[in-house]
Amino acid sequence: MTRERLDLGNLGERLALEKIKGLGYRCIEKNYRCALGEIDLIAKDRDCLVFIEIKTRKGRSIGYAKEAVTQKKIRQISKVALAYMKANNCCDTKARFDVVAVNIKGEREEIEVIKDAFELAY
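Under numbering that gives the first Met the number 0, the residue at position 33 of the sequence shown is numbered 32, and the numbers go up by one with no gaps.
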């Protein structure tokens with residue numbers, strides 16, 4: 000991955016974190032990794048555990064970022080989320096999957112939080 004793409008991803012993650020904190024979420028973990036893969040952010044929204052996928056794009060429509068969450072990615076995130084819940088003894092906790100789409104157009108940033116973006120799939 001190029002340095003430019005890494006920097007764009009880091010910027011998107013920072014902006015997404017600011018956005019969800021502004022909505023009242025409490026960040027639990029960033030870039031959670033296990034043998035099955037990675038989840039960008041894990042947060043609490045009131046009594047709900049939220050697994051968040053962040054998609055950042057530059058100079059495209061916000062829809063383009065949202066469409067980047069494929070069925071394959073959804074299955075992988077689902078598996079990692081289940082592993083996290085089992086490892087942290089929170090299988091009885093209410094949970095959902097959100098997507099944060101970030102689009103950078105020059106100096107302008109569009110950020111959209113899609114709550115309940117997809118269902119558990121494995």
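Each residue gets a CB set at the ideal place from its N, CA and C atoms; glycine is no exception.
As DSSP reads the structure, Leu48 sits in a beta bridge with Lys43 and Ala94.
For Gly11, same chain residues with a beta-carbon under 7 Å away, outside a window of 5 residues either side, are Ile53, Thr55 and Val101 in chain order. Burial is judged here by how many other beta carbons sit within 10 angstroms of a residue's own beta carbon; Asp39 has at least 16 and is buried. Listed in chain order, the non-local C-beta contacts of Ala67 below 6 Å within the same chain comprise Lys54, local neighbours out to five positions each way being set aside. Here Tyr31 carries a strand assignment [DSSP, helix/strand/coil]. For Glu109, the uninterrupted beta strand (DSSP E) segment begins and ends at Arg107 to Phe117. Gly36 places its beta carbon less than 7 Å from that of Val79. With distances taken between CA atoms, Tyr24 lies nearest to Lys43 out of Lys93, Phe50 and Lys43.
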